[in-house]
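Below: one structure, written as structure tokens.
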Amino acid sequence: MIRYISFELNGQAVGVETPPEARLVDVLRENFGLTGTKEGCGEGECGACMILLDGRPALSCLVAVGAVRSRRITTIEGLLPTAGFDILSRAFNEVGAVQCGFCTPGMIMTAYALLRDNPRPDQAAIRAAMAGNLCRCTGYNMIVEAITLAASRRSEAW
Amino acid sequence: MVDKVNPYPETIEAAARAKGAGALLYAGGTDLMARRAHGAGPDPDAPFVFLNSISRLKGITLSEMQVRIGAMTTMAEIACSPLVPTLLARACGVVGSPALRNSATIGGNVATASPCGDSLPALYVLSAEVELHSPAGSRRLPISECITGPGCTVLRPDELLSAIYVPATGHYRFHHRKVSPRVANAITKVSIAAAAAIEDGIITDIRIAFGAVGPTVIRCTPLERKLTDGRTAVQDLGGGMEQFKALAADLVKPIDDLRSTAEYRRTVAANLLQEFLMSLSGA
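In order, the protein sequences belong to chains A and B.
Read in this note's numbering, the first sequence has 36 at position 36, and its numbers run on one by one without any break.
Take the position in the second sequence, starting the count at 1, then add 158; the result is the number in this note's numbering.
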């Protein structure tokens with residue numbers, strides 16, 4: 001049954017007419033045209049669909065849009081204007097942590113939340129936080145390097 | 159009638175009635191949505207009823223040496239809670255992945271009742287109780303009586319799981335290990351949750367549970383009795399190890415499946431027991 005579901009999306013109050021059972025990844029991509037969030041597996045195991053729900057990483061392919069009523073969603077598009085995104089994206093580029101780029105938005109979402117909450121993560125903490133984000137191209141080391149580099153430049157960005 | 163159901167009930171009773179009318183309860187949504195993705199799972203046309211407006215399903219509270227964990231409490235919240243026994247925090251901390259744990263709930267993990275459910279062995283060791291609510295009232299039972307088989311619970315059609323109770327534990331030594339091929343997004347092949355109370359070098363209480371090696375959690379009651387009836391000293395554990403391992407290997411009921419073989423699981427379960435017992439005789 002179609003219902004009107006309102007929530008906050010990248011800082012704006014929005015609403016959408018949709019069945020509450022619809023997947024958030026589909027609503028973001030198709031209703032709102034925010035295609036930065038990707039679908040890699042559709043079963044919550046690759047992290048390409050990562051968004052922030054009330055500021056915490058969440059897998060949008062496993063979230064029904066009805067569950068986000070009155071809550072706060074941030075997508076990769078919402079991170080674009082932030083200083084944290086700037087630091088992370090520069091680090092990813094400098095280190096060569098982007099190949100095909102499909103996993104990258106999800107990686108940045110998770111890394112953004114990590115560095116926001118943990119200013120000086122060690123290798124183990126980075127790998128633990130990123131464990132739910134898969135990459136087929138890079139072999140991961142460059143991504144860990146990029147996050148380490150971003151952390152060293154973190155200062156007051158967050 | 160189920161089409162008219164309010165997707166955002168504010169009371170447990172309303173949610174239970176909606177479930178009885180055929181709606182699907184959405185807690186963390188992770189199992190529900192993953193099954194949908196596979197075309198499996200319950201009625202594809204049934205509407206969702208979202209539980210996150212019901213305040214009595216939330217929160218971790220401590221009272222009279224008991225911890226009440228609302229069914230909607232996420233794995234992430236439990237993993238970092240100072241109120242929850244460390245064993246349960248550890249167990250919830252290995253579920254899925256960091257992002258998954260921000261959504262997945264303990265109520266969902268118990269109600270799904272997978273043989274591989276990661277919170278379950280710890281809950282059995284802690285003698286957890288579940289609180290079930292229906293429009294007719296509520297009841298509490300031990301978790302071992304709530305889960306009856308793979309994916310099967312005693313929940314009635316209009317009953318929902320509202321909370322888990324665990325004792326606020328005293329001076330127990332805990333042990334937990336999940337054996338899986340990856341750190342994240344890996345279904346458990348074998349797991350152990352265990353606790354022991356030791357006084358003057360003697361084991362006065364011991365609880366050992368294995369996950370993913372049976373239709374439900376395997377609680378090693380005969381082995382536990384053997385260790386406590388005999389007033390086993392921790393320094394003697396090494397000497398009896400082969401017979402303890404053999405007993406554990408007999409108690410587990412693993413199967414061959416796409417993730418592993420029964421033989422592997424049996425061997426590893428016995429090794430996990432050894433690791434636990436050796437940790438007791440250490441410092």
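Just so it is clear, CB atoms sit at the ideal spot from N, CA and C, and this is done for glycine as well.
Of the listed residues the options, nearest to residue i (C-alpha basis)
i: V14/A; options: A146/A, L88/A, S70/A; result: S70/A
i: G361/B; options: I236/B, P373/B, S439/B; result: Before going on, a small fix: residue 361/B reads as Ile here, not Gly. For the residues I236/B, P373/B, S439/B, the minimum Cα distance to I361/B belongs to S439/B.
i: A262/B; options: A146/A, G33/A, V63/A; result: V63/A
i: L258/B; options: A234/B, T244/B, P240/B; result: A234/B
i: A326/B; options: T188/B, Q224/B, Y184/B; result: Q224/B
i: R314/B; options: T390/B, L290/B, L381/B; result: L290/B
i: A249/B; options: V348/B, L183/B, V392/B; result: V348/B
i: S213/B; options: Y166/B, K384/B, A247/B; result: Y166/B
i: L319/B; options: S296/B, T306/B, S302/B, H334/B; result: S296/B
i: P273/B; options: G251/B, T306/B, N260/B; result: T306/B
i: N118/A; options: F102/A, V98/A, G36/A, S155/A; result: S155/A
i: S437/B; options: A195/B, V268/B, F332/B; result: F332/B
i: L220/B; options: A370/B, Y323/B, Q393/B; result: Y323/B
i: I51/A; options: G44/A, I76/A, L80/A, G33/A; result: I76/A
i: V207/B; options: L182/B, Q393/B, I264/B, G359/B; result: L182/B
i: E357/B; options: R377/B, F368/B, Q393/B; result: Q393/B
i: L149/A; options: G139/A, A97/A, C137/A, C103/A; result: A97/A
i: E317/B; options: L385/B, Y184/B, F368/B, A176/B; result: A176/B
i: P308/B; options: L284/B, A342/B, V371/B, N260/B; result: V371/B
i: Y330/B; options: A355/B, G369/B, G254/B, R226/B; result: A355/B
i: G178/B; options: C304/B, G254/B, A294/B; result: A294/B
i: L53/A; options: C135/A, V95/A, T110/A; result: T110/A
i: N343/B; options: E45/A, R120/A, F7/A; result: E45/A
i: G180/B; options: T390/B, K384/B, V160/B, I236/B; result: V160/B
Bridge-paired residues (DSSP) for residue i
i: G15/A; result: S6/A
i: P240/B; result: Bridge partners of P240/B: none, in fact.
i: R365/B; result: A353/B
i: R383/B; result: Paired residue(s): none; R383/B is not in a bridge.
i: S296/B; result: H291/B
i: I51/A; result: A58/A
i: H333/B; result: A352/B
i: P325/B; result: Q224/B
Buried or exposed (CB count within 10 angstroms, at least 16 for buried), residue i
i: L299/B; result: exposed
i: L416/B; result: exposed
i: P20/A; result: buried
i: S60/A; result: buried
i: I143/A; result: buried
i: D189/B; result: buried
i: K162/B; result: exposed
i: N10/A; result: buried
i: H334/B; result: buried
i: A441/B; result: For A441/B, the pLDDT reaches just 46, beneath the cut-off of 50, and the residue's location in the model is therefore unreliable, leaving the point undetermined.
i: I2/A; result: exposed
i: Y282/B; result: buried
i: C378/B; result: buried
i: D276/B; result: buried
i: V341/B; result: exposed
i: Y184/B; result: buried
i: C100/A; result: exposed
i: I264/B; result: buried
i: T169/B; result: exposed
i: A269/B; result: buried
Residue j beta carbon less than 7 Å from that of residue i
i: P256/B; j: A129/A; result: yes
i: G84/A; j: Y112/A; result: yes
i: G42/A; j: G132/A; result: no
i: L115/A; j: A146/A; result: no
i: L435/B; j: A351/B; result: no
i: L215/B; j: G228/B; result: yes
i: A428/B; j: A407/B; result: yes
i: K376/B; j: V410/B; result: Note on residue identity: the sequence assigns Ile, not Lys, to residue 376/B. Result yes, Cβ atoms of I376/B and V410/B sit closer than 7 Å.
i: I108/A; j: L88/A; result: yes
i: C49/A; j: V25/A; result: yes
i: K336/B; j: V252/B; result: yes
i: P105/A; j: G36/A; result: yes
i: L430/B; j: K403/B; result: no
i: A67/A; j: G187/B; result: yes
i: I301/B; j: A286/B; result: yes
i: G124/A; j: N260/B; result: Note that residue 124/A is Ala in the sequence shown, not Gly. Going by C-beta atoms, A124/A is not nearer than 7 Å to N260/B.
i: C304/B; j: V288/B; result: yes
Check: residue i C-beta below 6 Å from any heavy atom of the ligand NAD
i: V426/B; result: Ligands in the displayed structure: none, and consequently the ligand NAD is not present.
**Study point:** Residues from the region 205-222 of chain B in contact with chain A, defined by Cβ distance under 8 Å
**Key:** Close to chain A, meaning a Cβ-Cβ distance shorter than 8 Å, are the following residues of the region 205-222 of chain B: P205, F206, F208, N210.
Exercise for review: Give, in chain order, every residue of the region 57-71 of chain A whose Cβ lies closer than 8 Å to some Cβ of chain B.
Suggested key: Answer in chain order: P57, A58, L59, C61, L62, V63, A64, G66, A67, R69.
Exercise for review: Could you list the residues in the region 339-362 of chain B with a C-beta less than 9 Å from some C-beta on chain A, going in chain order?
Suggested key: Considering only beta carbons, the part of the region 339-362 of chain B lying closer than 9 Å to chain A consists of R340, V341, A342, N343, in chain order.
Exercise for review: Using a Cβ-Cβ cut-off of less than 7 Å, give me the residues of the region 267-289 of chain B that come near chain A, in sequence order.
Suggested key: Residues of the region 267-289 of chain B with a Cβ closer than 7 Å to any Cβ of chain A: none.
Review point. At a Cβ cut of 8 Å, what residues of the region 250-264 of chain B count as close to chain A, listed as they run along the chain?
Key: In summary, the residues of the region 250-264 of chain B whose CB is separated from some CB of chain A by less than 8 Å are G254, S255, P256, A257, L258, N260, S261, in the order they occur in the chain.
Point to revise | chain A contacts from the region 163-175 of chain B (Cβ-Cβ distance under 8 Å) | key: Cβ proximity to chain A below 8 Å picks out P165, Y166 from the region 163-175 of chain B.
Check your understanding: Going along the region 34-49 of chain A in order, which residues come within less than 9 Å of chain B, judged by CB to CB distance?
Key -> Cβ contacts with chain B come from C41, G42, E43, G44, E45, C46, G47.
Exercise for review: Could you list the residues in the region 178-195 of chain B with a C-beta less than 7 Å from some C-beta on chain A, going in chain order?
Suggested key: Residues of the region 178-195 of chain B with a C-beta atom less than 7 Å from some C-beta of chain A are Y184, G187, T188, M191, A192, A195, listed in chain order.
Practice item. Using a Cβ-Cβ cut-off of less than 9 Å, list which residues of the region 121-137 of chain A approach chain B; keep chain order. Key: Under the 9 Å Cβ criterion, the region 121-137 of chain A contributes R127, A128, A129, M130, A131, G132, N133, L134.
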